[in-house]
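Everything on this sheet refers to the single structure shown next.
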Amino acid sequence: MKTMEPAYGGPEVPRPQSGLSSSALGMLMFIAAELMFFAALISAFLIISAAAEAWPPPDQPRLPIVASALNSLVLFASGWMIFKAYRSFKADPKGEVVRKQVKFTLWLGLAFVGIQGIEWIRLLSFGLTMTSSQYGAFFYLIIGTHAIHAVGALIGLWRLSVKLNAGQLTEDTFHAVQLFWFFVVGIWPILYVLVYLS
């Protein structure tokens, strides 16, 4: 149990240990806010798509369902890898295994975002743009918002890797970054089903 030093002298007072660090709590609050944001985007998407005569519009290119499904497996593998890396870190914070697992998570995440980028370039060349239709606008808005979150989480993973290599990574920081990556991985199947399979 940690102790707190009193402000005006006297004996140290035991401080109860909470199960959740301030880093993790802050990240969970951020994720809760982002879930509400995604819920608003999804609600708008469902209302617009339900009111449309045909969804997707017949004159718009079709989304790459199979390629995106395979790319989803890459993202899910990264979620599994960060889970394993966190467990390895708790067992041996300076071990080589955790370094490799974090790097592999980072590479899988980069691969996911890179493949998404290639898909976007192809869709743009086929005429699916933000201004081509509401379908295109919602696709880029929802999937683009996810991509921005994925890039943000990748920056967090990169910083985590740097701190790990320098021997400065704390379990609290690792846990917070892991939670953010879980959010990126966990919301993707919902977006995939709603946007790609609708």
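Going by my numbering, the sequence shown runs without a break in its numbering and finishes at 913.
Every residue gets a Cβ at the ideal spot worked out from N, C-alpha and C, and that includes glycine.
Since the model is a prediction, treat every value here as computed from it, not as a measurement.
Counting C-beta pairs closer than 8 Å gives fewer than three between the region 837-851 and the region 804-813, which falls short of the contact rule. Annotation: the region 756-814 contains the following complete segments of the alpha helix (DSSP H) (minimum length 4 residues), in chain order: 780-806. In the DSSP assignment, GLY859 falls within the alpha helix (DSSP H) that extends over 849-881. Pairing PHE853 with PHE760 gives a Cβ-Cβ distance under 7 Å. In the three-state reduction of the DSSP assignment, THR888 falls in the helix class. Close CB contacts of LEU909 within its chain, under the 7 Å cut and outside five residues either way in sequence, are with ILE757 and PHE760 (chain order).
Rounded to whole angstroms, the separation of the alpha carbons of LYS818 and ASN880 is 11 Å. Taking C-beta atoms as the reference points, VAL900 and LEU790 count as a pair closer than 7 Å. In the structure shown, the three-state DSSP call for PHE897 is helix.
With respect to the C-alpha of ILE858, the residue from ASP774, GLY871, GLY741 and LEU838 having the closest C-alpha is LEU838. Comparing alpha-carbon positions, the option among THR888, SER913 and TYR907 lying closest to LEU740 turns out to be THR888. In this structure the region 866-875 does not touch the region 764-771; the number of beta carbon pairs closer than 8 Å is below three.
The shortest CA-to-CA distance from HIS861 to any of LEU743, PHE753 and TYR850 is the one to PHE753. In this structure, VAL828 lies away from ALA782, with their beta-carbon atoms at least 7 Å apart. Contact between VAL892 and LEU875 holds: their C-beta atoms lie close to 5 Å from each other, under 8 Å. Apart from the 5 residues on each side of it in sequence, ALA800 sits with its Cβ closer than 7 Å to the Cβ of VAL813, GLN816, VAL817 and THR820 in its chain, given in chain order.
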